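Notes to accompany the following structure.
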Amino acid sequence: MDMSVIVSIGAAVVGIVGGFFFAVMIFRKGGSQRLQAARVQAESLLKEAESNARSLRKEAELEVRDKELKARAELEKTIQTKMREFQETENRLMTREEALEKKFDQIEKRESEQHREVQALEARKKQLEQIEAQHQQALQEARKTLEQAAGLTQEEAKKKLIDSLIDDAKMDSANQVKIIVDEAKEKAEAEARKIISISVERMASDHVAERSISSVHLPNEEMKGRIIGREGRNIRALEAATGIDIVVDETPEAVVLSGFNPIRREVARRTLEHLIQDGRIHPARIEEIVAKMEKEVEGTIKEAGEQAIMELGLGTMHPDLVKHVGMLKYRFSYAQNVLRHSIDVGFLCGLMAGELGMDVKKARRAGLLHDVGKSVSHEVEGSHALIGMEMARKCKEDPEVCHAIGAHHEDIPQESALDALVDAADALSGARPGARREVLEAYMKRLEDLENISTSFKGVDKAYAIQAGREIRVIVNHQKITDAQAVVLSRDIAKKIQNEMTYPGQIKVTVVRETRAVEYAK
Numbered sequence: 006m007d008m009s010v011i012v013s014i015g016a017a018v019v020g021i022v023g024g025f026f027f028a029v030m031i032f033r034k035g036g037s038q039r040l041q042a043a044r045v046q047a048e049s050l051l052k053e054a055e056s057n058a059r060s061l062r063k064e065a066e067l068e069v070r071d072k073e074l075k076a077r078a079e080l081e082k083t084i085q086t087k088m089r090e091f092q093e094t095e096n097r098l099m100t101r102e103e104a105l106e107k108k109f110d111q112i113e114k115r116e117s118e119q120h121r122e123v124q125a126l127e128a129r130k131k132q133l134e135q136i137e138a139q140h141q142q143a144l145q146e147a148r149k150t151l152e153q154a155a156g157l158t159q160e161e162a163k164k165k166l167i168d169s170l171i172d173d174a175k176m177d178s179a180n181q182v183k184i185i186v187d188e189a190k191e192k193a194e195a196e197a198r199k200i201i202s203i204s205v206e207r208m209a210s211d212h213v214a215e216r217s218i219s220s221v222h223l224p225n226e227e228m229k230g231r232i233i234g235r236e237g238r239n240i241r242a243l244e245a246a247t248g249i250d251i252v253v254d255e256t257p258e259a260v261v262l263s264g265f266n267p268i269r270r271e272v273a274r275r276t277l278e279h280l281i282q283d284g285r286i287h288p289a290r291i292e293e294i295v296a297k298m299e300k301e302v303e304g305t306i307k308e309a310g311e312q313a314i315m316e317l318g319l320g321t322m323h324p325d326l327v328k329h330v331g332m333l334k335y336r337f338s339y340a341q342n343v344l345r346h347s348i349d350v351g352f353l354c355g356l357m358a359g360e361l362g363m364d365v366k367k368a369r370r371a372g373l374l375h376d377v378g379k380s381v382s383h384e385v386e387g388s389h390a391l392i393g394m395e396m397a398r399k400c401k402e403d404p405e406v407c408h409a410i411g412a413h414h415e416d417i418p419q420e421s422a423l424d425a426l427v428d429a430a431d432a433l434s435g436a437r438p439g440a441r442r443e444v445l446e447a448y449m450k451r452l453e454d455l456e457n458i459s460t461s462f463k464g465v466d467k468a469y470a471i472q473a474g475r476e477i478r479v480i481v482n483h484q485k486i487t488d489a490q491a492v493v494l495s496r497d498i499a500k501k502i503q504n505e506m507t508y509p510g511q512i513k514v515t516v517v518r519e520t521r522a523v524e525y526a527k
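In structure tokens, the structure reads:
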């Protein structure tokens, strides 16, 4: 019971006792009348005290009950929270248990599959051992038959043959091998030089400069304001419709179009020239002209592809390949137009194929299509050679042509003479003077980086970039680098060049290790 209730009850009792004593005193002093009045007053006080005590007791009981209910509610709330947490934990454990059961099932399935494979391999091994035993038995029987016919054992015949021929065979074989190897090298190199020189002499082409911007001439300076439009709405509409940045600067009577996608840049150039000529420049008109120019550029692409095929005399080709060949008209490799380069490679492949007695049309077809993957290489991840090979396969091109496309940068192994022809023709077209012009500083920086990468390895004495940066000649210290280590070093240098540099074509890494012995005859 609460302390306040106890105090209240005590106060009431004290009041009753005090009233009783008060009545006794009144009785003693005042007589019976006063005694009667005192009794009435005492009874009234007693009743009042009892009433107060009852009300206080009820209040105390209500307060205790209210606190008990609150405590019970809090306890139930805590129990519910714990139950929810327990349920969530149980759900998580059930999920994990199910995942583990699935993993165990997969592991058991893999183990059973591996067990079956092991059993199959053991059966195959036993079969092979039986076959080998049969072969050995047949060989022993054949040897016995030969020994009986010759009158000599195998060891005796072998010893006589070795004693009579070993010295002469060593000398003759060594001389013959050297002669054959030297003659083969001389004839192969001479024949290759002859074929390449004949092909190059019969082939010539023009070259164009690579551009990543286009310039549009304006009739006057006021036209710049019309191109920009009110609050820039016209230029924003142009950039949004074409995907090309339009630079309006202080260049007199000119606007620059900047973008890495040459086809979109061509659409933007034609659109802007048409709008300037027409005079009506507003967002709705811009969208209309852009759609029209896109169709015109598509027609130009198709026409360029058909013209290239006609120029090489290749007959029919799948429309998708014709389109992608035409798209190369707007692609550049350094300063060389890729379509012009592809036509060059086609002609060179045909010329060399004719010299070798191969199929000329197939060689020209492979040469024209060898870089067709570059038309979408900015949209699709991977090597343009492999991308082009897959495109040609989907268009049902000849399997040899498809393989030559994929192998011209050795992304896949070269298997036929056509693969080597396309690779050689591609190198000839790209490496001739003037075919791929570079800025002098960038060119010199590339050569310097090439030599620095090579000399960064231990054991390298000197490194020289030759063949216009297409080969690096590395001289190593023969006391620090062995022949086996030289092979590993060439691979490491090539790998580091691939990871750290950007360059056209490929770079040959040649590691030279030699020991020189010098003496003077006096």
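Quick note: to get the working numbering, add 5 to the position in the sequence shown (first position is 1). Every residue, glycine too, gets a C-beta built ideally from N, C-alpha and C. Note that the structure is a prediction, hence the values are computed from the model and not measured.
Any idea what DSSP makes of residue i, helix, strand or coil?
{"i": "residue 302", "result": "helix"}
{"i": "residue 469", "result": "strand"}
{"i": "residue 117", "result": "helix"}
{"i": "residue 130", "result": "helix"}
{"i": "residue 220", "result": "strand"}
{"i": "residue 486", "result": "coil"}
{"i": "residue 417", "result": "coil"}
{"i": "residue 388", "result": "coil"}
{"i": "residue 408", "result": "helix"}
{"i": "residue 110", "result": "helix"}
{"i": "residue 402", "result": "coil"}
{"i": "residue 524", "result": "coil"}
{"i": "residue 1", "result": "Nothing can be reported for residue 1: it is not among the residues displayed for the chain, which extend from 6 to 527."}
{"i": "residue 226", "result": "coil"}
{"i": "residue 507", "result": "coil"}
{"i": "residue 140", "result": "helix"}
{"i": "residue 495", "result": "helix"}
{"i": "residue 210", "result": "Bear in mind that a pLDDT of 47 at residue 210, under 50, signals an unreliable position, so the model cannot answer this."}
{"i": "residue 431", "result": "helix"}
{"i": "residue 363", "result": "coil"}
What number of angstroms, rounded off, separates the C-alpha of residue i from the C-alpha of residue j?
{"i": "residue 520", "j": "residue 359", "result": "44 Å"}
{"i": "residue 467", "j": "residue 420", "result": "35 Å"}
{"i": "residue 389", "j": "residue 409", "result": "13 Å"}
{"i": "residue 45", "j": "residue 84", "result": "58 Å"}
{"i": "residue 110", "j": "residue 463", "result": "52 Å"}
{"i": "residue 181", "j": "residue 526", "result": "31 Å"}
{"i": "residue 476", "j": "residue 498", "result": "12 Å"}
{"i": "residue 147", "j": "residue 131", "result": "24 Å"}
{"i": "residue 449", "j": "residue 505", "result": "16 Å"}
{"i": "residue 315", "j": "residue 348", "result": "11 Å"}
{"i": "residue 308", "j": "residue 332", "result": "10 Å"}
{"i": "residue 246", "j": "residue 297", "result": "12 Å"}
{"i": "residue 471", "j": "residue 423", "result": "28 Å"}
{"i": "residue 407", "j": "residue 393", "result": "8 Å"}
{"i": "residue 121", "j": "residue 135", "result": "21 Å"}
{"i": "residue 485", "j": "residue 500", "result": "21 Å"}
{"i": "residue 235", "j": "residue 256", "result": "21 Å"}
{"i": "residue 210", "j": "residue 357", "result": "Its pLDDT being 47, under 50, residue 210 is placed unreliably by the model, and nothing is read from it."}
{"i": "residue 325", "j": "residue 430", "result": "24 Å"}
{"i": "residue 267", "j": "residue 514", "result": "34 Å"}
{"i": "residue 329", "j": "residue 381", "result": "8 Å"}
{"i": "residue 465", "j": "residue 417", "result": "31 Å"}
{"i": "residue 363", "j": "residue 516", "result": "35 Å"}
{"i": "residue 151", "j": "residue 133", "result": "27 Å"}
{"i": "residue 507", "j": "residue 167", "result": "58 Å"}
Going by DSSP, which residues form a beta bridge with residue i?
{"i": "residue 337", "result": "342"}
{"i": "residue 45", "result": "Its beta-bridge partners do not exist; DSSP assigns none."}
{"i": "residue 515", "result": "478"}
Taking buried to mean at least 16 other C-beta atoms within 10 Å of its own C-beta, is residue i buried or exposed?
{"i": "residue 396", "result": "buried"}
{"i": "residue 433", "result": "buried"}
{"i": "residue 114", "result": "exposed"}
{"i": "residue 335", "result": "buried"}
{"i": "residue 387", "result": "exposed"}
{"i": "residue 88", "result": "exposed"}
{"i": "residue 304", "result": "exposed"}
{"i": "residue 367", "result": "buried"}
{"i": "residue 531", "result": "In the structure as shown, the chain starts at 6 and stops at 527, and residue 531 therefore has no counterpart that could be examined."}
{"i": "residue 342", "result": "buried"}
{"i": "residue 276", "result": "buried"}
{"i": "residue 52", "result": "exposed"}
{"i": "residue 338", "result": "buried"}
{"i": "residue 428", "result": "buried"}
Of all Cβ atoms in chain B, is any one closer than 9 Å to the Cβ of residue i?
{"i": "residue 328", "result": "Chain labels in this structure do not include chain B; a single protein chain is all it has."}
* To do: Would you mind listing the alpha helix (DSSP H) stretches within the region 243-328 that are 4+ residues and don't spill past its ends, in chain order?
  => 267-283 and 288-317
* Asked: What residue ranges within the region 46-85 form continuous beta strand (DSSP E) runs of no fewer than 3 residues, ordered along the chain?
  -> none
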